[in-house]
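Visitor: Okay, handing you the structure first.
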Amino acid sequence: MERSSMGNSSPRVAPTQRRRRSLRLFLLGSLAVLLLYSYCRSLLPLFSPASSSPTPLALLRDAAGVPASFSFTVKVLAFDRIESLRRCLRSLSAADYGGDRVDLHIFVDHFRGLDPWNESDLVDQKLREAHRILEFVDGFDWRHGEKLLHYRTGNVGLQAQWLEAWWPRSDDEFAFVVEDDLEVSPLYYKFLKELIAKYYYDPSNFSPSIYGASLQRPSRFFFSDEPLLTMVMNVKESNPA
0 MERSSMGNSS
10 PRVAPTQRRR
20 RSLRLFLLGS
30 LAVLLLYSYC
40 RSLLPLFSPA
50 SSSPTPLALL
60 RDAAGVPASF
70 SFTVKVLAFD
80 RIESLRRCLR
90 SLSAADYGGD
100 RVDLHIFVDH
110 FRGLDPWNES
120 DLVDQKLREA
130 HRILEFVDGF
140 DWRHGEKLLH
150 YRTGNVGLQA
160 QWLEAWWPRS
170 DDEFAFVVED
180 DLEVSPLYYK
190 FLKELIAKYY
200 YDPSNFSPSI
210 YGASLQRPSR
220 FFFSDEPLLT
230 MVMNVKESNP
240 A
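Set out below in structure tokens:
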């Protein structure tokens, strides 16, 4: 009886051992394939093109070194000088923007309050001038981006025009504020964009103390009420060549 039981159990041992060996081989093969896949995957960034993986918008830079989220808006402060405004807008439109989107916002202040009973003729004249300015701005062709016109219903003055012209919505939004009696160089935008790239986006040159730039020569020195020209002349007189 013992022999027959042993004879019956021996055929069941061999298949179990073969299955175990097969399982080991399968596990070892799977592990080898997994390691090979991980190694090849780690080499992909070295040989695949940069466009194969998405890049965050903030890291994309153009030739000037500014990110794709960079935006630029021109703010024109106008009053009642249509010929000056015409020259200003034409110079802005003729500038080289390198294909960039640049929006134009024009703020037209209302004429100063007049007595309609004693100065009715002057009121009519001011209204006609205001209509001419609005018609000119409405028909002005701005091909570089969006054009918006803000006309005030009451006179606020130049200081309020400056203070209320721009409310930035992000750290990548920049504005160029210009009054209507000024004309700009065709290269002004290129200069400003390179200035922003160098002193704002370049970490090696960034300084929190720099919050803006001026394209005009200052008429006075900081911390002094004396005109710049007088200061320069005094320096030359005290240090003759």
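In terms of numbering that gives the first Met the number 0, the sequence shown has 157 at position 158, counting the first letter as 1, and numbering is strictly consecutive.
Here a beta-carbon is modelled for each residue, glycine too, at the ideal position from N, C-alpha and C.
If you're wondering where the values come from, they're calculated on a predicted model, not measured in any experiment.
For the beta strand (DSSP E) containing Y150, name the first residue and the last one.
Guide: 146-150
Visitor: Looking at K74 and H109, is the spacing between their C-beta atoms short of 8 Å?
Guide: no
Visitor: Three or more C-beta pairs closer than 8 Å, one from the region 79-93 and one from the region 132-146: is that the case here?
Guide: yes
Visitor: Starting from the N-terminal side, write out each stretch of the beta strand (DSSP E) that is 3 residues or longer and does not extend beyond the region 62-136.
Guide: 70-77, 101-107
Visitor: What span of residues does the beta strand (DSSP E) with E178 cover, start to end?
Guide: 172-178
Visitor: Select from L214, Q215, I195, R216 the residue whose C-alpha is nearest the C-alpha of P207.
Guide: Residue I195 is the option with its Cα nearest to P207.
Visitor: Please name the residue, chosen from P66, K125, E182, that lies closest to N154 on a Cα-to-Cα basis.
Guide: K125
Visitor: Using alpha carbons as the reference points, say which of T72, Y199, V65, Y150 lies closest to P167.
Guide: T72
Visitor: Please list the segments of the alpha helix (DSSP H) lying wholly inside the region 176-213, counting only runs of 4 or more residues, in order along the chain.
Guide: Counting only runs of 4 or more, we get 187-195.
Visitor: Once the 5 residues before and after F69 are set aside, which same chain residues still bring their CB inside 6 Å of it?
Guide: D171
Visitor: Near I81, which residues of its chain fall below 8 Å by C-beta distance, leaving aside the five closest residues on each side in sequence?
Guide: Cβ neighbours of I81 beyond the five flanking positions: E128, R131, I132, F135.
Visitor: To the nearest angstrom, how far is the alpha carbon of V107 from that of D79?
Guide: 8 Å
Visitor: If you check the beta carbons only, do A94 and V183 fall under 8 Å apart?
Guide: In contact: A94 and V183 (Cβ atoms closer than 8 Å).
Visitor: Of the residues I209, A212, N204, S213, which one's Cα is nearest the Cα of G64?
Guide: N204
Visitor: Does DSSP put W161 in a helix, in a strand, or in coil?
Guide: helix
Visitor: By how many angstroms is the C-alpha of G211 removed from the C-alpha of A77?
Guide: A77 and G211 have their C-alpha atoms spaced approximately 21 Å apart.
Visitor: Report the option in L191, S213, F190, Y200 whose CA atom is closest to the CA atom of P66.
Guide: Y200
Visitor: Tell me which same chain residues have a C-beta within less than 6 Å of the C-beta of S83, skipping the five on either side of it?
Guide: So the list reads D179, D180, once near-sequence residues are dropped.
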